[in-house]
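A short worksheet on the structure shown next.
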Amino acid sequence: MTIDPHHGIVGKAAPRVDSLAQATGMTRYVDDLSFPGMLHGKILRSTQAHARIVSIDTSAAEALPGVHVVLTGTDLPVPFGLLPVSQDEHALAIDKVRHVGDAVAAVAADDPDIAQRAIDLIEVAYEPLPVVTTITEAVKVTDEPIHREPPRNNRDREMSLEFGDVDAGFEAADHIREDVFFYQGNNHAALETHGAVAVVEEDGRLHVFSATQVPHYLHRILASVLEMPEGRIRVTANPTGGGFGAKTDVFSHELVTAQMARITGRPVKIVLTREEVFYAHRGRHPVLMWVKTGFISDGAITAMSFKTFLDGGAYGSYGAASLLYTGQLQTVTYRIPAYRFQGVRVFTNKPACGPKRGHGTPQPRFALEVHLDKAAEELGLDPITIRKRNLVEPFTSTVNHLRITSCGLSECIDRVVETSGFQDRYRNLPGGRGLGFAVGAYMSGAGLPIYFNDMPQSEVMLKVDRGGGVTVYSMAADCGQGSTTMLATVVGETLGLNPSELVLVTADTDLTPVDLGSYSSRVTFMAGNAALDAALKLADLVLTAVADELNLDPDVVSLGRGVVLAGDREIPWAEAVRIAEAKWGLLVTTGTYKPPKDIKGDYRGAGVGPSPAYSYSACVAEVDCDRETGHVSVERVWLAHDVGRAINPLLVRGQIEGSVHMALGEVLMEEQAFRGALHSGPSLLDYKIPTVLEMPQVESIIVESIDAEGPFGAKEVGQGPLLPVIPAVVNAVHDALGIRIDEIPVRPEKVLAALDDLERGGDGRYGPTDLPNYTFRSPQRVDPPPETVTV
Amino acid sequence: MEPVILTVNGTTRHLFVAPHRTLLETVREDLDLTGTKHGCELGECGACTVLVDGTPILSCLTLTVDVTDAEIVTIEGIGSIAQPHPLQRAFGEYGAAQCGYCTPAMILTAKALLDRDPDPTDEAIEEAIAGNMCRCTGYLAIVRAIASVAETNR
Amino acid sequence: MLRLPPLRHEAPSTLEQAIALLAEDGALLAAGGSDLVPNLKRRQYPAARTIVSLRRVPDLARVRVDDSGTVRIGALTTLATIAGDSRLPIAIREAAGTVASPQIRNQGTVGGNLCVDTRCDWLNVPDTWRQAAEPCLKAGGEMCWVAPAKKDCWAVSSSDLAPVMVAFGAEVQLIGSEGQRSIPVEQLYRNDGMAHLAKAPDEILTEVAFGSHTGVRATYHKLRRRGSIDFPILGVAAAIRLDETNICTEARIVLGAVASAPLRVPTAEHALVGRTYNDESIAEAAEAARKLARPFNNTDLTSRYRKRMIPVFVKRALQELG
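Residue numbers (the numbering used here), protein chains in the order written: chain Y, 1 to 791; chain R, 792 to 945; chain F, 946 to 1267.
Right, here's the structure in full:
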């Protein structure tokens, strides 16, 4: 049952609760911390892409005055990895290095200059090994795999799934289309680089401050790698200067900072340089994709087969999940009666890929939406009709057993089509201009935790003081998305209190109950629900106590703005809580959130994709293309997003506009590309983030489907709006120039190559044609849920 | 180490700094004015912008010993949580800060613009902040926030 | 945080002192520092010992226009000042206004931009990266990774002002231990990425000057990925005079960022001068420019693409002047 807001707090555009701290420079990011006697750490990074470490000589570094500790791989021998299935990393490389920039040794010294000099004095002898940098090479058998264990050459992971009878679906089709696409990898490029400070506190415990989105996972991995009880470690996640998934893994610098503080007893800080961030990476996977779809002539899909090849870089990271995400969410927007997904993630000697905004789904979404655009053209349908013909229905189950509940996709489509004038303007814009359309969907939190357990995914605690002040305790980490403001708004709305007057204690393992972290767009839905749960319990305690005190029927006691309404009396909140504390003792409530259990199927891989609710988006993009230079300028974007309910419309709009910006970077210019195993330019000059001058006008349209399970009906907005923008731009380039760019990013060279091809009488396509020579194992067959299941 | 006299946010400070120390390092690490941020230290992101004699410059590219005769203003110098500058308030009201990391530099850059041109066009605002990267907002809310302050100047 | 390596710093108050300091080993001249400091932080100049700052030398930041219309711009004049000076030709103002970002234009100077070091994807990279690659020619290695067959460095001239100053026939004043001299900007450069300036290390560029520009039509077109921050990966400066019958009487066409020096294109100029200024002569000039330049794969976007853009940009620049 959705609780409707009635205090005018939820739904009102309001500043972030920390906005003045941010704007005055008070917000304490991790590099803003300093402690008496603090040492400055630095990491030596591999200059080899793949090599055996023959020897490391740290003696000169250790002898340098001002150096307090030097660490190498054997000092921290316990392997780790964020996913239990991928325990393939070490804090510092042991035996061999796997990419340029892999962490090899670390020092802590009195000042940064000494630390740098010490790093320069460390001598590492390497024996080079064969280097693998492409998917094509990585699927081959090799004597020297990047990881020996488990023994599967350079294949990290493979999935092969079939839901329903795909071959029968293709048999029934009037028209079948196949396409191959490539999506280049890219980096989050959060403006703040990663960093950590570790301090040994007065009680001897280790306190690690980090720019992390996942303090809980960092806490667990620190305990494991440092071989210390969790209770001896405290993790504080500082507000991060942007995350986007970059800071959802655990990194070398966090572990070695902690270990060096532990060894020296002195505070130690390491803040990465921008170059190091490109080596830490965990960004968008490069993905090669093949999609084949059967249609009947009215555009209805009969079956789809989807293959993905992910270039994972040197470590597993979140890759096992990334792989499944490239296959699982296609069914969340379209009714696909039979669906086959086969995917493989390979290791290469490049920085590890991982989760970035949209985790694993922007690549297949780009492929799918461009593929449908092409199919529509062949079937003589317009881009809207083909989507509408196949649109997923609310409260149904997909062929791969994902539970669909609230769904405002149809309204999103109608709104962007109408406001952009799509139907009149598509195909009718003058020279070089074009319109493109696409849709997308994303999870409001992953249905399953990263390590298997039955505990809540999010827990919130409220404590009331005798002045009426309410403190909210939550581990949710604010990476700029506004989670702290969201918590304040949800609790404020429930209790009728002004969000800016609440006290928020967040993201600290000593002080706050667990929230799994700021990833998979889970925080509003999960921490929001936990906060709502705790606040409702607190409201109940206060209202019951007041009713008792005044001998009133509890039904006539309710909350107003800052007051308890008791019959015809208004009791100020502060007085009401004193009545309640007198009756109940200390006023503390807790709330939890655990996703429903029945939202997933029963097959290997079913754990990735389920979510308690999906957000939906639709986008129209307008481009202006220069035929002579191949330059694509995005002039205007219409983006409608079904957020369930906008808890704070100002922040919702901000996420939409920010998603559009990030998407435009990905579709037009950003790429984590390599020259061999060397990054093509690990700097913010060479890695092209759009400036304000590249930013088009954005029409943000908020659609509210009021999700029955979301807090006040809310779903996610942090990631979903990015998804449709990329294919919408690519489809718009087709409308403008008649060419098809099947490879992201749309560099001007590619546009010109496609135009040249068109001129020579070709089909005007630029993109990959071949798939690697790789045979997937035969798919695990899964029966679809009974037809027309209504949840 | 060289003795230097710096005027920062109206206060004169006597310091010893190494000649290769940048103004970024000095304000953050010697003067504890950590409101000035950094994202690349190579002049590519704009996050370290401070005002030198009213002009936005990149503190990561500036040697401290080269600005001893100038008035330096950092984000801490234009307002506080108790008495925020109108731009500092507007950035919150318009959602112009998400992670907040580019915000101090954006606000100082905008202040220099408004000091020079109290009522700039949106295009002039965009030109002024074209060296400041923001990874969260898509810049549009930032332009709206700056324009809102300009409007009150009318 | 990426920091500078330990260095000495000198800020002499006279040119003579500065010249003497620059004669010492490892001395590097600093104007605004916006090119020097990143290169030093990336440890591109391992021999660097001393930064010699010109900031205390008086009178180097003035712009003067005399009665004859001759313009003299002091080397320490900032790019922002140039961009905002209405006495100057619009092409020069616009070229200055496209350099890097607003902040860098507030720091960066005319002299610094004219002398800006050549750039290359294999050299202007962070430290770990450079150590991971074999050192290139300019980094003290055996060969150039961009054109391994050749024994030259092809790092790219990346000044936005150089092409327009050449187009305006400007001269620079150099002062060194041997005295003072003026040379055309065109002769300031050598097409050698290792040593792209035809001046002694202890010679200081103090001023750039050009005669009256009345009647000159000029423009600068810059190719780069983003509207701000980025260096040019192709620059086209064009300056022409047309008589009352639309005959082109003078033309200078200069390409930036396709070689280690700004390239003047005499063949393109010949295609214009003495002829009616129209699409036909413009097309010939554009084709001549394409033939001359051979960009390498050492900056953003492919060399093939940049080469293809040369005639497009020349044509567009010249059409704007018609």
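Using N, Cα and C, we set each Cβ at its ideal position, and we do this for glycine too.
Asked, Found
"Proximity winner among F:981, F:1034, F:1069, F:946, relative to residue 1110 of chain F (alpha-carbon distances)", "F:1034"
"Contact check, residue 375 of chain Y vs residue 384 of chain Y, beta carbons under 8 Å", "no"
"Nearest neighbour of residue 780 of chain Y, chosen from Y:339, Y:419, Y:493, Y:174 [CA to CA]", "Y:339"
"Limits of the unbroken beta strand (DSSP E) element including residue 290 of chain Y", "287-295"
"Where the beta strand (DSSP E) containing residue 1163 of chain F begins and where it ends", "1162-1168"
"Validate contact between the region 898-918 of chain R and the region 844-862 of chain R using beta carbons, cut 8 Å, 3 pairs", "yes"
"Any C-beta of chain Y under 8 Å from that of residue 928 of chain R", "yes"
"Whether residue 838 of chain R touches residue 927 of chain R by CB criterion (8 Å)", "no"
"N- and C-terminal bounds of the beta strand (DSSP E) containing residue 75 of chain Y", "Note, residue 75 of chain Y: premise wrong, no beta strand (DSSP E); not H, not E."
"CB contact check: residue 661 of chain Y to chain F, cutoff 8 Å", "no"
"Beta-ladder partner(s) of residue 700 of chain Y, from DSSP", "Y:639"
"Proximity to residue 1046 of chain F [Cα-Cα], best of R:874, R:918, R:878", "R:918"
"Cross-strand partners of residue 403 of chain Y (DSSP beta bridge)", "Y:397"
"Chain R residues whose Cβ lies nearer than 9 Å to that of residue 947 of chain F", "829, 831, 832, 833, 851"
"Short-range partners of chain Y found in the region 956-979 of chain F, where Cβ spacing is below 9 Å", "none"
"Residues sharing a beta bridge with residue 560 of chain Y, DSSP", "Y:563"
"Member of R:943, R:886, R:945, R:912 whose CA lies at the smallest distance from the CA of residue 925 of chain R", "R:886"
"Short CB-CB distance (under 8 Å) between residue 801 of chain R and chain Y", "no"
"Span separating the alpha-carbon of residue 190 of chain Y from that of residue 565 of chain Y", "47 Å"
"Of the listed residues Y:713, Y:697, Y:179, nearest to residue 793 of chain Y (C-alpha basis)", "The question about residue 793 of chain Y has no answer, for chain Y in this structure spans 1 to 791."
"Reference residue 701 of chain Y, options Y:70, Y:637, Y:744, Y:686, closest by Cα", "Y:637"
"Closer than 8 Å at the beta carbon, the chain F residues around residue 816 of chain R", "946, 948"
"Proximity of residue 516 of chain Y and residue 449 of chain Y at Cβ, strictly below 8 Å", "yes"
"Chain-ordered residues of the region 429-442 of chain Y with a beta carbon less than 8 Å from chain R", "none"
"Beta carbon proximity, residue 822 of chain R to chain Y, threshold 8 Å", "no"
"Under 8 Å between C-beta atoms of residue 735 of chain Y and residue 427 of chain Y", "yes"
"Cβ of residue 876 of chain R within 8 Å of any chain F Cβ", "no"
"Partner residues on chain R for residue 16 of chain Y, Cβ-Cβ distance less than 9 Å", "883, 886, 888, 889, 891"
"Span separating the alpha-carbon of residue 791 of chain Y from that of residue 600 of chain Y", "Note on residue 791 of chain Y: pLDDT 46, under 50, position unreliable in the model; no value is reported."
"Contact set between the region 714-738 of chain Y and chain R, restricted to residues whose Cβ is under 9 Å from the partner", "none"
"Bounding residues of the alpha helix (DSSP H) (the contiguous stretch that carries residue 388 of chain Y)", "383-390"
"Candidates F:1013, F:1009, F:1015, F:1147, of which the one nearest residue 1026 of chain F by Cα", "F:1009"
"Residue 85 of chain Y burial status per 10 Å Cβ neighbour count (16 or more: buried)", "exposed"
"Distance between residue 587 of chain Y and residue 538 of chain Y (C-alpha atoms, nearest Å)", "8 Å"
"C-alpha gap between residue 883 of chain R and residue 896 of chain R, whole angstroms", "15 Å"
"Simplified DSSP state of residue 226 of chain Y, which is helix, strand or coil", "coil"
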